[in-house]
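Q: Position 134 of the sequence shown, counted from 1, bears residue number 296 in our numbering, the numbering being contiguous throughout.
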Amino acid sequence: MSTHASHTIHLNLSLESAWKFLSDLSLAPYYVPGLTGCWFHPGPQSGRGASRRVQRRYGQWLDETVVDWQEGSGFVLHLHKANRGAPSPFREARFSYALEAHGSGSRMTLCLDYRLRGGRLVERLLANTFDRTVRQIGENLTAYYETGETQNRDFID
163 MSTHASHTIH
173 LNLSLESAWK
183 FLSDLSLAPY
193 YVPGLTGCWF
203 HPGPQSGRGA
213 SRRVQRRYGQ
223 WLDETVVDWQ
233 EGSGFVLHLH
243 KANRGAPSPF
253 REARFSYALE
263 AHGSGSRMTL
273 CLDYRLRGGR
283 LVERLLANTF
293 DRTVRQIGEN
303 LTAYYETGET
313 QNRDFID
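Right under this line is the structure:
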């Protein structure tokens with residue numbers, strides 16, 4: 163893929179504790195802005211091949227399937243709408259989480275790799291929006307992992 167937005171966060175959690183949160187794929191609505199729910203497709207709920215549907219505001223939804231899983235350190239999600247490919251405005255999209263020990267805590271890098279419909283001009287126009295979104299997910303994730311309090315006002319547990 164040709165373009166990416168990334169953000170690195172520092173967690174006051176051990177690598178093991180951070181991985182326990184990160185590897186639970188059902189927790190995304192607690193920290194991803196705009197998500198209102200999540201459920202798994204039949205099959206595994208963790209590891210390569212795990213697939214979930216996340217519900218978004220206004221009845222929208224998105225499927226996310228794990229295409230790479232590195233036990234204890236991260237994974238890559240392929241973003242798609244059932245078997246119809248990437249959701250608009252994407253031509254292709256993947257979201258990755260990479261976790262590593264850092265001092266007495268841990269560090270995580272979140273990255274959205276994508277190509278947009280409309281080409282380079284549209285990618286340049288939307289780049290700041292995707293940068294802000296990835297940064298917001300990272301900030302929300304940090305707060306949720308460290309406090310247990312959701313930062314997503316759209317999700318009601």
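Idealized CB from N, CA, C, for every residue including glycine.
#1: Where does Leu175 fall in DSSP's three states?
#2: Between the alpha carbons of Ala260 and Tyr220, how many angstroms are there, rounded?
#3: On the criterion of 16 or more Cβ atoms from any shown chain inside 10 Å, does Leu274 qualify as buried, or is it exposed?
#4: Could you name the residues that DSSP lists as bridge partners for Glu233?
#5: Where does the unbroken beta strand (DSSP E) through Gln217 begin, and where does it stop?
#6: Gly281 lies in the alpha helix (DSSP H); which residues open and close that run?
#7: According to DSSP, is Phe183 helix, strand or coil?
#8: Taking DSSP as the reference, what is the three-state secondary structure of Tyr276?
#9: Report all residues from its chain with a CB closer than 6 angstroms to the CB of His169; omit the five preceding and five following residues, and keep chain order.
#10: Residues in the same chain with beta-carbon distance under 8 angstroms from Phe252, minus the five sequence neighbours each way, listed in chain order, please.
#11: Starting from Ser258, follow the beta strand (DSSP E) in both directions and report where the run begins and ends.
#12: Given a cut-off of 8 angstroms, decide if Phe202 and Arg214 are closer than it, judged by their beta-carbon atoms.
#13: Distance, Cα to Cα, Met270 vs Arg282?
#14: Near Pro206, what residues of its chain come up, given a Cβ to Cβ distance below 7 angstroms and the 5 sequence neighbours on each side ignored?
#15: What three-state label does DSSP hand Ser268 in the structure shown?
A: Based on what the coordinates show:
#1: If DSSP states are grouped into helix, strand and coil, Leu175 belongs with coil.
#2: About 30 angstroms.
#3: By the 16-neighbour rule on beta-carbons within 10 angstroms, Leu274 is buried.
#4: Partner residues in a beta bridge of Glu233, as assigned by DSSP, do not exist.
#5: Taken as a continuous stretch (DSSP letters only), the beta strand (DSSP E) holding Gln217 covers Ser213 to Arg218.
#6: Counting along the chain, the alpha helix (DSSP H) containing Gly281 begins and ends at Gly281 to Thr309.
#7: Secondary structure at Phe183: helix, using DSSP grouped into helix, strand and coil.
#8: In the structure shown, Tyr276 sits in a strand (DSSP, three-state: E or B).
#9: So the qualifying residues of the chain are Leu272, Val296, Arg297 and Gly300.
#10: Apart from sequence neighbours up to five positions away, the residues of its chain that approach Phe252 with a beta-carbon distance below 8 angstroms are Leu241, Tyr276, Arg277, Leu278 and Arg279, ordered along the chain.
#11: Phe252 to His264 is the extent of the beta strand (DSSP E) around Ser258.
#12: Phe202 sits close to Arg214, with the two beta carbons spaced by under 8 angstroms.
#13: Roughly 28 angstroms separates the two Cα atoms.
#14: Cβ neighbours of Pro206 beyond the five flanking positions: Ala212.
#15: The answer is strand: DSSP assigns Ser268 an E or B state.
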